[in-house]
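Per numbering that gives the first Met the number 0, the very first residue in the sequence shown carries number 0; after that it's consecutive. Yeah, the Cβ is synthetic: ideal placement off N, Cα and C, and Gly gets one too. What you are looking at is a predicted structure, and each value in this text was computed from that prediction instead of being measured. Some notes on the structure that comes next.
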Amino acid sequence: MDENHARVLIENERDAVRRQLADSAEAGREDRQAENQTGDSGDAAEALTARGVDDAVTANLRRRLAALNRADQRLEDGTYGRSVRSGQAIPDERLAADPAAELTIEEARQEQAGR
0 MDENHARVLI ENERDAVRRQ LADSAEAGRE DRQAENQTGD SGDAAEALTA RGVDDAVTAN
60 LRRRLAALNR ADQRLEDGTY GRSVRSGQAI PDERLAADPA AELTIEEARQ EQAGR
């Protein structure tokens, strides 16, 4: 994949994740404020569930941002587009769909199957 195109893909994805993180943080603040308001005290589980979902979404987005930062570093190092495990080429189509891809499709499937 062309280096400039890869940079654009990574940066666009990073911008989208940052926006989602900001939205998630706002949703978390709103849920925590709602928790502190008086209301139906019999449904405290709803607030706890909302907080748990917010925290999980935020954690996933932070992991995604870290993966994009690693992809950017691989681009700088000249190893972008190669599996971090085997060094095999990752197809451009996969990188276009997921600019942070670290494994070939086969390796990713093996990893999923091993979990």
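Are the CB atoms of residue j and residue i within a distance shorter than 9 Å?
| i | j | result |
| --- | --- | --- |
| ARG69 | ARG81 | no |
| LEU67 | PRO98 | yes |
| ASP53 | GLY27 | yes |
| ARG13 | LEU64 | yes |
Report the rounded CA-to-CA distance for residue i versus residue j, giving the unit in angstroms.
| i | j | result |
| --- | --- | --- |
| GLU124 | ARG84 | No statement about residue 124 is possible, as the shown extent of the chain runs from 0 to 114 and does not include it. |
| THR123 | GLN32 | This structure cannot settle anything about residue 123, because the visible part of the chain is limited to 0 through 114. |
| THR57 | ASP76 | 28 Å |
| ASP1 | VAL7 | 10 Å |
| GLY113 | GLU106 | 11 Å |
| THR103 | ASN11 | 22 Å |
| GLU29 | ARG62 | 23 Å |
| HIS4 | ALA55 | 31 Å |
| GLY51 | ALA96 | 29 Å |
| GLU92 | GLU25 | 34 Å |
Take residue i and list the residues in its own chain whose beta-carbon comes closer than 8 Å to its own, dropping the five residues that flank it on each side.
| i | result |
| --- | --- |
| LEU60 | VAL16, GLN19, LEU20 and SER23 |
| GLU110 | LEU102 |
Using a Cβ-Cβ cutoff of less than 7 Å, which residues in the same chain neighbour residue i once the five nearest sequence positions on both sides are dropped?
| i | result |
| --- | --- |
| ARG108 | none |
| ASP71 | ILE9 |
| ALA88 | GLY80 and ARG81 |
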